[in-house]
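S.K.: A single structure is presented below for examination.
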Amino acid sequence: MNAILNALARAFVSLLHPKMLWLMVWPVIVALVLWVTLAVLYWGEAAQWITAQLHHWPAYEWAVSVWPLKLIAAWFGWILLLLLFVPAVLITAVLIISIVSMPAMAAHVGARDYPELVHRKGGTFAGSLWNALAALMLFALLFAVSLPLWLIPLLWPVLPIALFGYFNQRVFRYDALAEHATAAEIAQIVRRHRGELFLLGVALALIGHVPVLGLFMPVYGGLAFIHFGLSRLGGLRSEPIQGTARRV
């Protein structure tokens with residue numbers, strides 16, 4: 589837990605650097621323009637399609653027969669789209685930052701806070717692209733599988749935090765280490781600290797649900813995972829091997 593809190597604190601300090609200011613703005617603007625355009629063009633059709641698909645589920649028919657869901661049954665497709673709009677913008681911004689901005693962010697943080705770490709460059713652009721696409725596909729699969737659970741009001745606060753917590757760590761963990769770690773080191777850190785990575789993702793998911801602050805989450809999240817990953821990388825390389833210390 590201390591490592592997670594330390595990563596969040598150091599990420600906040602890094603976020604205040606002038607180089608990060610533009611990174612906080614343009615990915616969100618691009619994502620917002622994209623989804624507003626799609627909403628203007630296809631919102632009505634998408635709401636009708638969602639409503640038609642939901643009517644095929646017995647669980648949905650039962651849920652909307654119960655008060656208070658019965659009161660909003662006719663507008664459920666529109667309401668669901670509204671609830672998905674902001675997460676869709678943030679997911680798109682996270683993917684943009686992961687693919688485009690993380691190398692520069694990792695180099696900046698590494699030079700300022702972890703200058704002793706040698707750049708092993710175990711990650712590649714193709715690896716980053718595949719990691720982002722895999723994260724998106726897995727997130728979509730988990731969201732689809734969990735759809736019936738969204739009809740249970742008690743799970744509404746839990747499901748989005750858990751899903752976005754998983755998505756955050758799945759996207760950022762590779763790019764946070766790609767510049768400095770070898771492929772083997774990346775795999776080892778992910779394997780050792782899977783639980784902490786998920787908890788860090790959950791913490792960022794909670795921040796992402798706070799109005800206004802959520803707009804800064806994509807860049808802040810990337811910085812937090814960079815600090816966490818590079819700190820763990822330094823610890824890994826300093827572990828003794830056969831009675832000697834590993835050089836950084």
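Under our numbering, the first residue of the sequence shown carries the number 589, and numbering increases by one thereafter.
In this text, a Cβ means the ideal position worked out from N, Cα and C, and glycines have one as well.
Whose C-alpha, out of Leu792, Leu821, Ala750, is nearest the C-alpha of Gln776?
M.R.: Out of Leu792, Leu821, Ala750, Leu821 has the C-alpha closest to the C-alpha of Gln776.
S.K.: Using 8 angstroms as the threshold, is the C-beta distance between Tyr754 and Leu730 below it?
M.R.: The answer is yes: Cβ separation under 8 angstroms.
S.K.: If you measure from the beta carbon of His707 to each beta carbon in chain D, is any gap under 8 angstroms?
M.R.: The chain labelled as chain D is not found in the depicted structure, where only one protein chain is given.
S.K.: Can you grab the Cα-Cα spacing for the pair Leu747 / Phe760, in whole Å?
M.R.: Taking the straight line joining both Cα atoms gives about 20 angstroms.
S.K.: Round the Cβ separation of Leu818 and Val706 to the nearest angstrom and send it over; I've been treating them as touching at under 8 angstroms.
M.R.: Their Cβ separation, rounded to whole angstroms, is 12 angstroms, which puts Leu818 and Val706 out of contact at 8 angstroms.
S.K.: Under a Cβ-count criterion, where at least 16 other Cβ atoms within 10 Å of its own Cβ denotes burial, should Thr680 be classed as buried or exposed?
M.R.: The residue is buried, with at least 16 neighbouring Cβ atoms inside 10 Å.
S.K.: Can you tell me whether DSSP reads Pro745 as helix, strand or coil?
M.R.: Note: Pro745 maps to coil in three-state DSSP.
S.K.: Are there 16 or more other CB atoms within 10 angstroms of the CB of Glu767, so buried, or fewer, so exposed?
M.R.: Glu767 should be labelled buried.
S.K.: My output table needs one value for Pro703: the three-state DSSP class, helix, strand or coil.
M.R.: If DSSP states are grouped into helix, strand and coil, Pro703 belongs with coil.
S.K.: Should Asn590 be labelled buried (16 or more other beta-carbon atoms within 10 Å of its own) or exposed?
M.R.: With fewer than 16 other Cβ atoms within 10 Å, it is exposed.
S.K.: Going by DSSP, what residue range makes up the alpha helix (DSSP H) through Ile740?
M.R.: No alpha helix (DSSP H) contains Ile740, which DSSP labels as neither H nor E.
S.K.: Is the region 728-745 touching the region 673-690, taking contact as three or more C-beta pairs under 8 angstroms?
M.R.: No contact exists between the region 728-745 and the region 673-690.
S.K.: Alpha carbon to alpha carbon, what distance is there between Gly809 and Leu794?
M.R.: Going by the C-alpha atoms only, they are around 11 angstroms apart.
S.K.: Quick check on the DSSP output: the alpha helix (DSSP H) that includes Gly685 runs from which residue to which?
M.R.: It is Ile, not Gly, that sits at residue 685 in the sequence shown. Ile685 -> no alpha helix (DSSP H), and no H or E assigned at all.
S.K.: In chain order, what residues of the same chain lie with their CB nearer than 6 angstroms to the CB of Trp623, ignoring the 5 residues before and after it?
M.R.: Cβ within range, chain order: Ala676, Val677.
S.K.: Could you tell me which uninterrupted alpha helix (DSSP H) segments, each at least 4 residues in length, are contained entirely in the region 760-832, listed from first to last along the chain?
M.R.: If we require 4 residues or more, the alpha helix (DSSP H) runs fully inside the region 760-832 come out as 771-780, 782-796, 805-825.
S.K.: Does the Cβ of Leu811 have 16 or more other Cβ atoms within 10 Å, making it buried, or fewer, making it exposed?
M.R.: Buried is the call here.
S.K.: Run the CB neighbour count on Ser826, radius 10 Å, all protein chains shown included, and call it buried at 16 or more, exposed below.
M.R.: By the 10 Å Cβ count, Ser826 comes out exposed.
S.K.: What distance in whole Å lies between the Cβ atoms of Ile667 and Leu788, which are believed to be in contact at a cut-off of 8 angstroms?
M.R.: Not quite, the Cβ-Cβ distance comes to about 31 angstroms (not below 8 angstroms), so this is no contact.
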